[in-house]
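Colleague: Before I ask anything, let me first share the structure, which is written out below as structure tokens.
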Amino acid sequence: MDGTLQLAVRPATTRHWSADMPMMVFLDLWLLALTDDLRIGAITLLSLLCAPLSSAMFLYHIYLIWSGMTTNESSKWGEWRDDISDGFAYIAKAKEVRPQHDIHPRDEDIIWPKRSDQTLIYTNGQPPRVGYTFTDERNSIKQPGRYDAPIDTRWTQVQSLKEIVNIYDLGFLGNLWDSISKR
1 MDGTLQLAVR
11 PATTRHWSAD
21 MPMMVFLDLW
31 LLALTDDLRI
41 GAITLLSLLC
51 APLSSAMFLY
61 HIYLIWSGMT
71 TNESSKWGEW
81 RDDISDGFAY
91 IAKAKEVRPQ
101 HDIHPRDEDI
111 IWPKRSDQTL
121 IYTNGQPPRV
131 GYTFTDERNS
141 IKQPGRYDAP
151 IDTRWTQVQS
161 LKEIVNIYDL
171 GFLGNLWDSI
181 SKR
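Under UniProt numbering, the letters of the sequence shown match residues 1 to 183, in that order.
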């Protein structure tokens with residue numbers, strides 16, 4: 001391509017063909033060279049069209065690292081945000097509401113740096129009542145058959161996402177290091 005530009009400009013001296021050239025003339029000559037050589041022009045056009053896409057994906061990935069979530073989790077957190085704003089989300093301490101099984105990992109066996117003792121559920125808008133059962137989804141409940149059952153006071157309605165502990169959010173630098181080191 002440089003040869004094409006040299007033939008088009010025919011410099012009289014040994015200096016570079018673009019020395020002391022106005023910017024508009026320089027750009028016109030580059031466009032001439034790109035249209036003259038179809039393969040180079042097509043590759044240049046393709047790279048110019050792909051650059052914003054790859055830049056946007058990079059910036060989105062940086063945002064996900066900053067916010068402490070993966071692309072799979074972003075839709076989950078969006079759904080929880082909607083459930084919280086609709087008043088459907090409730091939170092309680094897991095040790096108080098989940099049945100404790102004899103088989104569970106010891107704290108020494110878990111290498112993840114953050115832990116949480118929260119259980120988050122969504123309901124039909126009514127607070128959990130005494131006698132509820134967890135559904136197969138494990139993040140929703142089935143209310144008891146009796147409508148006069150008292151409200152279970154272990155559960156509180158979630159007002160904001162800030163109340164929920166995201167165990168995967170290690171802070172920006174921790175998340176960045178985790179994504180680079182592939183723990």
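By construction, the Cβ of each residue, glycine as well, lies at the ideal position given by its N, Cα and C atoms.
Please go through the same chain and pick out, in chain order, the residues whose beta-carbon is closer than 7 Å to the beta-carbon of T133, but skip the five residues on each side of it.
Modeller: I141 and K142
Colleague: Where does W66 land, buried or exposed, given buried means 16+ other C-beta within 10 angstroms?
Modeller: exposed
Colleague: Among L32, Q118 and W155, which one has its Cα closest to the Cα of G131?
Modeller: W155
Colleague: Would you mind stating whether I164 and P128 have Cβ atoms separated by less than 9 Å?
Modeller: no
Colleague: Alpha carbon to alpha carbon, how far is L45 from M23? Give it in angstroms, no decimals.
Modeller: The straight-line gap separating the alpha-carbon atoms of M23 and L45 is approximately 20 Å.
Colleague: Nearest-angstrom Cα distance between S116 and I167?
Modeller: 7 Å
Colleague: Where N124 and S54 are concerned, what is the direct C-alpha to C-alpha distance, given to the nearest angstrom?
Modeller: 41 Å
Colleague: Compute the distance between the beta-carbons of I40 and A89, then report whether it is under 9 Å.
Modeller: no
Colleague: Flag this pair as yes or no: are the beta carbons of I91 and Q118 separated by less than 9 Å?
Modeller: yes
Colleague: Using the three-state DSSP reduction, which class does F88 fall into: helix, strand or coil?
Modeller: coil
Colleague: Which residues mark the beginning and the end of the alpha helix (DSSP H) in which L46 is found?
Modeller: L38 to S67
Colleague: Ends of the beta strand (DSSP E) at I121?
Modeller: In the DSSP assignment, I121 falls within the beta strand (DSSP E) that extends over Q118 to Y122.
Colleague: To which residues does DSSP link K142 through a beta bridge?
Modeller: T133
Colleague: With DSSP as the reference, label K114 as helix, strand or coil.
Modeller: coil
Colleague: Can you tell me which of E137, V97 and W77 puts its alpha carbon nearest to the alpha carbon of K162?
Modeller: W77
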